[in-house]
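A.B. asks:
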Amino acid sequence: MQLESVFGLKGRTALVTGSSRGIGAAIAQGLAGAGARVILHGVKPGAAEAMQRQIAASGGAVHELAGDLSEPGAGRDLVERAEAIAPIDILVINASAQINAVLSELTSEDLAFQLAVNLGSTVEMLQAVLPRMAARKWGRVVSIGSVNQVRPKGIVTAYAATKAAQHNLIQSQARDYARDNVLLNTLAPGLIDTDRNAHRRDEDPEGWENYVRTLNWMGRAGQAEELVGAAIFLSSQACSFMTGESILLTGGY
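No gaps in the numbering here: position 107 of the sequence shown is 1555 in the working numbering, and each next residue is one more.
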């Protein structure tokens, strides 16, 4: 069996939410490199323009859509607009909202925002895309979770809870759609060095280095590119007998 037939994504179309930067951008680029047509997504029009140019320059088929996933109905609308471009074979649910706050300091506004982006839009996208995938008898959903879904930190109380709930959704729908060859799994990273952590790294470089040195067995933060291989695996024929699972990429956290 050739690796291309197992891991190759030629002829597939992938919608990657939150793919203008960070983890989403790295995964989108990786899926394009594996042969997929990629539909990028950012909150505002043009947010993913730089990534779009980069993928196109490498010969990849790429499109860009915008939409604020905190708005009611935005998840469903995004899927429908993507389906108008090409049938979605792979949905990578990457866009998320994370607001640091312990429970006693969590405001109702911050809770509502994280629930809308991390949970509400996930429900809407799954409602829109899963029946279509089932009708075509092939589909992959990759939810980008977090180590906080199983080992929650108090400083990200709401974020951790929404990530746990998100994986619960993935598991329940994995059971319901398994016989249609629609497979849903979660990719849960530990600390990844992205712009989400830039302020902490830039404000206190020494403190940052001390923190990551003791955070996991590898003694460092991960890089967004280190999630790409697992994302391609979960998006491909290689994971044909795997659904409802969570892969932890944490450096041994």
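Backbone N, C-alpha and C define an ideal beta-carbon position, used for all residues, glycine too.
The structure displayed is predicted, hence computed values, not measured ones.
Which partner residues does I1487 have in the DSSP bridge list?
C.D. replies: L1463 and H1511
A.B. asks: What are the partner residues of T1634, as DSSP defines its beta bridges?
C.D. replies: BP columns for T1634 point to S1591 and S1694.
A.B. asks: Indicate the three-state DSSP secondary structure (helix, strand or coil) for L1554 in the structure shown.
C.D. replies: DSSP, read as helix, strand or coil, puts L1554 in coil.
A.B. asks: Under the three-state reduction of DSSP, which class applies to A1609: helix, strand or coil?
C.D. replies: In this structure, A1609 counts as helix in the three-state DSSP scheme.
A.B. asks: So, using beta-carbon positions, are G1702 and G1459 closer together than 7 Å?
C.D. replies: The displayed coordinates of the chain run from 1449 to 1701. Any statement about residue 1702 would go beyond what the structure contains.
A.B. asks: Count Cβ pairs between the region 1529–1542 and the region 1581–1590 that sit closer than 8 Å; are there 3 or more?
C.D. replies: yes
A.B. asks: Run through the DSSP bridge pairs and tell me what V1577 is partnered with.
C.D. replies: Beta-bridge pairing links V1577 to no other residue.
A.B. asks: Let me make sure I understand the geometry here. Which of Q1546, V1595, A1622 and N1548 has the alpha-carbon closest to that of Q1575?
C.D. replies: Answer by Cα proximity: A1622.
A.B. asks: If we ignore side chains and look at the alpha-carbon of each, how far apart do D1628 and E1654 end up?
C.D. replies: If you take the alpha carbons of D1628 and E1654, they lie about 51 Å apart.
A.B. asks: Which one or two residues does DSSP pair with A1549 in a beta bridge?
C.D. replies: In the DSSP secondary-structure assignment, A1549 is bridged to V1604.
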